[in-house]
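K.L.:
Protein chains: 2
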Amino acid sequence: MKVSTKARYGFKFMIHLALNYNIKLVQIREVSVSEKISSKYLEQIAMSFKIAGLVKVTRGAKGGYTLSRTPKEITLLEIITAAEGNLVLTDCIESSDFCQKKDDCIMNKLWVDLNNHITDYLGSKTLQDIIS
Amino acid sequence: MKVSTKARYGFKFMIHLALNYNIKLVQIREVSVSEKISSKYLEQIAMSFKIAGLVKVTRGAKGGYTLSRTPKEITLLEIITAAEGNLVLTDCIESSDFCQKKDDCIMNKLWVDLNNHITDYLGSKTLQDIIS
DNA sequence: ATTATACTCTACTTAAACAATAGGAATTGT
DNA sequence: ACAATTCCTATTGTTTAAGTAGAGTATAAT
Chain A
54 MKVSTKARYG FKFMIHLALN YNIKLVQIRE VSVSEKISSK YLEQIAMSFK
104 IAGLVKVTRG AKGGYTLSRT PKEITLLEII TAAEGNLVLT DCIESSDFCQ
154 KKDDCIMNKL WVDLNNHITD YLGSKTLQDI IS
Chain B
54 MKVSTKARYG FKFMIHLALN YNIKLVQIRE VSVSEKISSK YLEQIAMSFK
104 IAGLVKVTRG AKGGYTLSRT PKEITLLEII TAAEGNLVLT DCIESSDFCQ
154 KKDDCIMNKL WVDLNNHITD YLGSKTLQDI IS
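If you read the sequences in order, they're chains A and B.
Under this note's numbering, think of the first position of the first sequence as 54, with each following residue one higher.
Under this note's numbering, think of the first position of the second sequence as 54, with each following residue one higher.
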């Protein structure tokens with residue numbers, strides 16, 4: 054049970070975007086240097102945010118990224134999900150045939166509850182909460 | 054962010070012990086067969102519960118395991134911690150020199166809060182809750 | 001005592017996931 | 001044209017999880 058570097062780096066990237074929201078476009082290089090993260094790696098992470106629709110991109114010289122919504126409208130759950138896929142503590146949470154006993158598996162409810170706990174928590178916090 | 058098989062198998066093992074608490078000793082083989090888990094692997098997991106003081110062991114023929122306390126007195130946090138070590142979502146939670154900026158790292162508080170959220174939840178549930 | 005049973009200890013192997021690197025293509029401002 | 005910047009995708013390296021293996025130790029039953 055660890056948070057991946059993709060999610061951690063991704064948060065740092067999104068925080069930069071939030072701090073510069075409505076001010077300027079943010080470039081990969083800039084975040085890469087200030088956070089000491091490989092720019093090539095960060096590119097991939099930024100890409101997943103783009104795919105998730107969390108950022109808007111301007112290509113070419115003087116291009117860069119900006120949030121596609123206000124910091125208040127972007128939850129931490131959306132960020133972590135974009136970075137590392139759906140939050141699924143155990144496969145039995147979403148795959149119905151993972152555990153033969155699923156319907157009467159005594160543990161299933163616990164995992165589902167815990168998973169909901171975590172997603173509710175992350176879903177209730179926004180980028181705005183983090184930067185202020 | 055996944056729960057390891059050690060923890061998942063470990064829970065199943067502990068549930069068997071809870072269901073047989075004050076009834077009989079439970080053997081690795083028995084759980085291994087009924088849950089379709091490698092007995093050698095389960096041995097290792099059972100060992101970590103022993104080290105954590107969660108189970109009592111009787112060696113030799115007719116030996117086996119039983120809980121060292123009542124199911125109500127064993128939290129799920131203790132079980133998962135015994136199985137996969139301390140729950141630490143990010144290294145910056147416990148290692149003070151992991152992030153140079155730790156004191157003013159904007160994310161640290163979030164990880165600590167989320168970690169506490171999860172440990173509080175698991176700490177508030179007991180084996181008894183699961184089996185009843 | 002001997003034997004069968006069950007836990008103990010430790011080393012090794014395999015497989016999967018994570019993390020990072022690499023390089024060229026496409027786009028845009030000057 | 002050229003430099004800056006994102007886009008795409010393939011590959012490599014590293015770490016951890018997962019599982020296997022086997023010899024050793026303790027105990028109950030006979």
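All C-beta atoms, glycine included, are put in the ideal place defined by N, C-alpha and C.
Values in this document were obtained by computation on a predicted structure and should not be read as measured data.
With respect to the alpha helix (DSSP H) encompassing Val-86(B), which residues constitute its N-terminal and C-terminal limits?
P.N.:
Reading the second sequence from its first residue, position 33 is the one you call residue 86(B). Start and end: 81 to 88.
K.L.:
Rank Ile-98(A), Val-86(A), Leu-70(A) by C-alpha distance to the C-alpha of Thr-58(A) and give the top, closest one.
P.N.:
Counted from its first residue, the first sequence places residue 58(A) at position 5. Nearest of Ile-98(A), Val-86(A), Leu-70(A) to Thr-58(A), Cα basis: Ile-98(A).
K.L.:
Who are the Cβ neighbours of Ile-81(A) in its own chain at under 7 Å, not counting the five residues just before and after it?
P.N.:
Against the first sequence, residue 81(A) aligns to sequence position 28. Within the same chain, Ile-81(A) has close Cβ partners Ser-92, Leu-95, Glu-96, Ala-99.
K.L.:
So, does the CB of Val-86(B) fall closer than 7 Å to a CB anywhere in chain A?
P.N.:
As a working note, residue 86(B) is residue 33 in the second sequence. It does not; no Cβ of chain A falls within 7 Å.
K.L.:
In the structure shown, what three-state DSSP assignment does Val-56(B) receive?
P.N.:
Taking the first residue of the second sequence as position 1, residue 56(B) is located at position 3. Val-56(B): coil per DSSP, three-state reduction.
K.L.:
When DSSP labels each residue in this structure, what does Leu-107(A) get in the three-state scheme?
P.N.:
Along the first sequence, one-based indexing puts residue 107(A) at 54. The answer is coil: DSSP assigns Leu-107(A) none of H, G, I, E or B.
K.L.:
Residues in the region 169 to 181 of chain A with C-beta within 9 Å of chain B's C-beta atoms, listed in sequence order?
P.N.:
The residues in question are His-170, Ile-171, Tyr-174, Leu-175, Lys-178.
K.L.:
For Val-56(B), go through chain A and note every residue whose CB falls closer than 9 Å to its CB, in chain order.
P.N.:
Numbered from 1 along the second sequence, position 3 holds the residue referred to as residue 56(B). The answer, in chain order, is Met-54, Leu-142, Thr-143, Trp-164, Leu-167.
K.L.:
Strictly under 7 Å for the Cβ-Cβ distance: is Met-100(A) near chain B by that measure?
P.N.:
By 1-based counting over the first sequence, the position of residue 100(A) is 47. Not closer than 7 Å to any Cβ of chain B, the Cβ of Met-100(A) fails to qualify, so no.
K.L.:
Give a yes or no on whether the C-beta atoms belonging to Ala-135(B) and Phe-102(B) are separated by under 7 Å.
P.N.:
Counted from its first residue, the second sequence places residue 135(B) at position 82. Counted from its first residue, the second sequence places residue 102(B) at position 49. Cβ atoms of Ala-135(B) and Phe-102(B): closer than 7 Å.
K.L.:
Does Ile-146(A) get closer than 7 Å to chain B when you measure Cβ to Cβ?
P.N.:
Residue 146(A) sits at position 93 when you count from the first residue of the first sequence. It does not; no Cβ of chain B falls within 7 Å.
K.L.:
Using three-state DSSP, classify Thr-172(A) as helix, strand or coil.
P.N.:
Within the first sequence, residue 172(A) is the residue found at index 119, counting from 1. In the structure shown, Thr-172(A) sits in a helix (DSSP, three-state: H, G or I).
K.L.:
For a test of the three-state rule: what should DSSP assign to Leu-142(B), helix, strand or coil?
P.N.:
Here residue 142(B) corresponds to residue number 89 of the second sequence, with the count starting at 1. Correct three-state label for Leu-142(B): coil.
K.L.:
Taking Met-67(A) as the query, report the chain B residues whose CB atoms sit under 9 Å from its CB, ordered along the chain.
P.N.:
As a first step, residue 67(A) must be located in the first sequence, where it is residue number 14. Here the premise fails: no neighbours, minimum Cβ distance about 10 Å.
K.L.:
Excluding the five sequence neighbours on either side, which residues of its own chain have a C-beta within less than 7 Å of the C-beta of Ala-60(A), listed in chain order?
P.N.:
Here residue 60(A) refers to the residue found at position 7 of the first sequence. Correct list, in chain order: Ile-133, Ala-136, Glu-137.
K.L.:
Please name the residue, chosen from Met-67(B), Val-56(B), Cys-145(B), that lies closest to Val-124(B) on a Cα-to-Cα basis.
P.N.:
Locating residue 124(B) in the second sequence gives position 71, counting from the first residue. Inspection of the sequence shows that residue 124(B) is occupied by Pro rather than by Val. It is Met-67(B).
K.L.:
Would you decide whether Lys-55(B) is buried or exposed? Buried here means 16 or more other CB atoms lie within 10 Å of its CB.
P.N.:
By 1-based counting over the second sequence, the position of residue 55(B) is 2. Lys-55(B) is exposed by the Cβ-count criterion.
K.L.:
Quick one: is Gly-106(B) buried, meaning 16 or more other Cβ sit within 10 Å of its Cβ, or exposed?
P.N.:
As a first step, residue 106(B) must be located in the second sequence, where it is residue number 53. Exposed, because fewer than 16 other Cβ atoms sit within 10 Å of the Cβ of Gly-106(B).
K.L.:
For the beta strand (DSSP E) that Thr-134(A) lies in, which residues bound it at each end?
P.N.:
In the first sequence, residue 134(A) corresponds to position 81, counting from 1. That residue, Thr-134(A), is in no beta strand (DSSP E); its alpha helix (DSSP H) goes 129 to 137.
K.L.:
In terms of residues, what are the limits of the beta strand (DSSP E) holding Leu-120(B)?
P.N.:
Within the second sequence, the letter at position 67 stands for residue 120(B). Taken as a continuous stretch (DSSP letters only), the beta strand (DSSP E) holding Leu-120(B) covers 117 to 120.
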